Each structure stands twice: as C-alpha cells, then as structure tokens.
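S.K.: The structure's right below; bear with me while I get my questions together.
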Amino acid sequence: MSKQYDISIIGGGPAGLAAADSASENGAESILLIDRAFAAGGVLLQCAHTGFGFKEYGRSLTGPEYSKLAYAKIENNRRITVWLDTVVLDITKDKKITCVSPERGLQKVTGKAVILAMGCREQSRGAIRVPGDRLAGIMTAGVAQRLMNVFDFLPGREIVVLGTGDIGFVTAAELVEAGCKVKGIVERYAKPKGLQEHIDWCLDKLKIPLYLQHTISNIHGENRVEKVTVSKVDGEYNVVPGTGFDVDCDTVIMSVGFRPEHKLADILGVEYEPSLGGLIVDAEGRTSLPGFYAAGNVVKIFESVDGVVEQARAAGRRAALDI
C-alpha cells in the first residue's frame with residue numbers, strides 16, 4: 004500500500020529545502036522530501052568556502068553552514084517528512100514514486116503534486132572528449148571537493164585543472180592550501196570565466212600558472228595519471244599541431260561546466276530545453292506535465308544559491324496552491 008502525501012519533492016539540496024518550506028507556508032499539510040545523500044544540503048555540503056547566504060541570511064556563510072540553517076527551517080516542521088539516503092527508482096505520470104533505502108527498504112508513495120529538484124551534474128571528461136588513457140586520478144572538481152571537504156581525503160599531490168569556472172578556481176585554491184601542488188589551470192578561452200576574487204586568489208596570492216587558449220590534448224599513464232600534454236587551440240578551439248608540452252602530474256581535475264539532471268524527468272516525458280538540458284517551466288515552476296513542478300538547477304544553472312532559492316520558493320508556493 005502506498006503512503007500518500009500532498010506534495011513529494013525529489014532532491015534535498017537548497018532548491019528542495021526551499022520548496023518544502025514554501026509549500027508548507029502556503030498550506031500543504033503533508034510534504035515528503037526525498038534525497039539520496041546521507042544529509043540534506045546537496046552540493047553545498049562539500050563547499051567549504053564562503054560566499055553563500057547574503058540575501059537569505061544577510062551574511063557570508065560556507066556551504067555546510069548555509070545547509071544547516073536551511074535544514075533547520077524544516078527540521079521540526081510536522082508537515083514535512085524527510086527521507087535521506089533514499090534513491091528514487093521510478094516515477095509515473097500519476098505521481099507514484101518507487102524508492103529504496105537501507106532503513107525503509109522498498110517504498111511506494113503517491114502525491115497530489117511532485118516537485119523535481121534534482122539539481123545538476125558536472126560534465127566529465129567524456130562530455131568534452133579529452134583523449135588519452137583511462138586511468139585513476141581523473142575526476143571532476145566536485146568529486147575532488149567532496150573527497151577533501153566531506154571525507155578529508157586528498158585526491159592527489161600534483162594536479163592540473165582543466166577549466167576556469169568558479170568551482171575550478173576554488174578547488175585549485177583549496178588543494179594548494181591543503182598542501183598539494185597545482186601545476187597549472189588550463190582554459191581554452193582567451194579569458195578566465197570565474198569571479199575576479201577567485202582569479203586573484205589563485206593567480207596573485209597562490210601563484211598558480213594559468214594557460215589561456217590551451218587545452219589538455221592527451222592524458223598519459225599506466226595505472227594512474229603520470230602526465231598530460233597541454234596544447235594551444237585556434238579560434239575554433241581545435242588543437243594546434245606542434246604546440247604541445249608535457250606537464251607531470253598524478254591527478255587531472257575537470258571543471259568544464261554543468262548540465263541539469265533530468266533523467267527522472269525523461270521517464271515522465273517532461274519537456275526540456277535540448278541545448279542546455281534544463282526543464283521548461285513557467286514563472287511559477289510548472290512543467291509541461293500537469294501536477295509536476297521543477298525547482299533549482301534542474302531548470303537552469305543558476306549563478307548563485309539565492310537565485311535557486313527564489314525560483315524554488317515560487318515552485319513550492321504554486322504546488323501548494325494548486326493541490
């Protein structure tokens with residue numbers, strides 16, 4: 004027999020937490036929040052740097068600090084049930100969700116409305132087709148952050164970072180401050196993409212080399228990364244032959260962008276924007292499928308957590324008012 008809730012929310016990051024809080028404030032009596040992680044907070048749990056919470060809390064917080072405050076808003080709310088360490092296996096158009104966890108086993112739940120708040124995924128080596136050997140020591144910046152800041156484990160000792168997004172710069176800086184040597188940050192564009200404060204942190208304070216209009220053209224090694232070849236790129240971002248040089252390293256970290264996580268939405272047939280991958284919603288978070296809403300980075304990649312929360316609160320409010 005299925006358990007029934009007014010609203011089921013899939014994803015317990017900042018979007019899911021904000022949507023749950025907003026839905027409760029707007030009259031939803033029973034809300035289920037499901038997340039596959041061991042703690043609510045999403046990607047912010049691994050973000051040890053500050054810069055979160057200016058709009059919501061009026062001060063600069065680390066990711067874990069922000070997550071703790073966001074979770075505290077709903078923790079003792081009797082209208083909201085939170086299932087952590089729980090993986091959604093299936094979802095149907097009539098809002099039936101099948102999920103599994105070590106604590107509860109296989110569960111089936113139904114809701115009058117469903118809010119999709121699954122966040123986004125980092126693009127990996129395969130997404131940008133970096134050639135070379137298949138080796139240990141190749142990972143995304145988010146994985147490196149998680150190893151360091153959640154599990155207290157260094158991902159490597161001598162590192163090359165590909166990409167100049169903010170997460171790439173922040174991860175590079177954290178690695179240096181943890182005692183690692185970042186031997187270079189490689190970017191195919193003519194200018195770095197991160198915030199100026201992160202650029203200054205890495206280049207001016209930590210003196211990390213930056214190779215603009217370059218890319219990693221090959222990765223070499225036996226069992227683990229031993230070196231990479233860095234080459235210039237032309238105006239169409241193709242490798243320029245004869246320009247490569249080798250950099251010895253044991254780890255390659257990719258910071259090459261994000262894609263909204265819409266696998267569950269694909270099961271439902273919810274419409275999404277093909278080039279960017281975000282679910283198509285109206286101003287209040289309604290998707291193309293009646294009774295289904297979307298919140299946060301599953302809609303688009305937001306520049307800040309403030310944007311995520313604002314859009315998620317609108318989706319939670321509309322879901323509560325529609326049921």
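Take the position in the sequence shown, starting the count at 1, then add 3; the result is the number in my numbering.
All C-beta atoms in this analysis are idealised placements derived from N, C-alpha and C, irrespective of residue type, glycine included.
All values derive from a computational prediction rather than experimental measurement.
Where do the N-terminal and C-terminal ends of the alpha helix (DSSP H) with M151 fall, by residue?
M.R.: M151 -> alpha helix (DSSP H) spans 144-152.
S.K.: Take the Cβ of A31 as the centre, count every other Cβ of all protein chains shown within 10 Å, and call the residue buried at 16 or more, exposed below.
M.R.: So A31 counts as buried.
S.K.: Which residue wins for smallest C-alpha separation from L36, given the options A130, T84, A318?
M.R.: When only C-alpha atoms are compared, the closest one is T84.
S.K.: Rounded to whole angstroms, what is the Cα-Cα separation between R107 and T290?
M.R.: Cα to Cα, R107 sits roughly 30 Å from T290.
S.K.: On the DSSP letters alone, give me the boundaries of the beta strand (DSSP E) that Y8 sits inside.
M.R.: Counting along the chain, the beta strand (DSSP E) containing Y8 begins and ends at 6-13.
S.K.: How big is the Cα-Cα spacing for L87 and D309?
M.R.: Rounded to whole angstroms, L87 to D309 spans 24 Å at the Cα level.
S.K.: Under DSSP, the alpha helix (DSSP H) around H265 begins and ends at which residues?
M.R.: Unbroken run through H265: none, as it is neither H nor E.
S.K.: How many Å lie between G299 and V228 at the Cα?
M.R.: Approximately 35 Å between the Cα atoms of the pair.
S.K.: Quick check on DSSP: helix, strand or coil for K184?
M.R.: Strand.
S.K.: Beta-carbon separation of A21 and G319 under 9 Å?
M.R.: Yes, the pair counts as a contact, with Cβ atoms nearer than the cut-off.
S.K.: Compute the distance between the beta-carbons of L165 and T218, then report whether it is under 9 Å.
M.R.: Yes; because the gap between Cβ atoms is below 9 Å, this pair is in contact.
S.K.: Label F41 either buried or exposed according to how many other C-beta atoms from any shown protein chain fall within 10 Å of its C-beta, with 16 as the threshold for buried.
M.R.: With fewer than 16 other Cβ atoms within 10 Å, it is exposed.
S.K.: What residues match up with C102 in a beta bridge as DSSP calls it?
M.R.: V91, Q110, per the DSSP bridge assignment.
S.K.: How do the stretch 190-206 and the stretch 96-111 stand: do at least 3 beta-carbon pairs fall below 8 Å, yes or no?
M.R.: Because the criterion of three Cβ pairs below 8 Å is not met, the stretch 190-206 and the stretch 96-111 do not touch.
S.K.: Kindly indicate the opening and closing residues of the alpha helix (DSSP H) around E200.
M.R.: 199-203 is the span of the alpha helix (DSSP H), which, as asked, contains E200.
S.K.: Can you grab the Cα-Cα spacing for the pair G294 / E274, in whole Å?
M.R.: Each residue's Cα considered, the two are about 14 Å apart.
S.K.: How many Å lie between G187 and V255 at the Cα?
M.R.: Computed Cα separation, rounded: 10 Å.
S.K.: Starting from A26 and walking both ways along the beta strand (DSSP E), at which residues does that stretch end?
M.R.: Segment 17-28 is the alpha helix (DSSP H) holding A26; no beta strand (DSSP E) there.
S.K.: Is the stretch 62-79 close to the stretch 165-178, with three or more CB pairs under 8 Å?
M.R.: No: the two stretches stay apart, fewer than three of their Cβ pairs being nearer than 8 Å.
S.K.: Quick one: is Y8 buried, meaning 16 or more other Cβ sit within 10 Å of its Cβ, or exposed?
M.R.: Flag for Y8 reads buried.
S.K.: Roughly how many whole angstroms lie between the Cα atoms of K99 and K6?
M.R.: If I take the Cα positions, the gap works out to 10 Å.
S.K.: Tell me the residue span of the beta strand (DSSP E) that contains L35.
M.R.: L35 -> beta strand (DSSP E) spans 34-37.
S.K.: In angstroms, rounded to a whole number, what distance separates the CA positions of R39 and F248?
M.R.: One C-alpha to the other measures close to 42 Å.
S.K.: Can we say the stretch 227-242 touches the stretch 275-283, given the rule of at least three CB pairs closer than 8 Å?
M.R.: Judged by Cβ distances under 8 Å, the stretch 227-242 makes no contact with the stretch 275-283, as fewer than three pairs qualify.
S.K.: Rank P263, A317, E190, V173 by C-alpha distance to the C-alpha of T53 and give the top, closest one.
M.R.: Comparing Cα-Cα distances from T53 to each of P263, A317, E190, V173, the minimum goes to V173.
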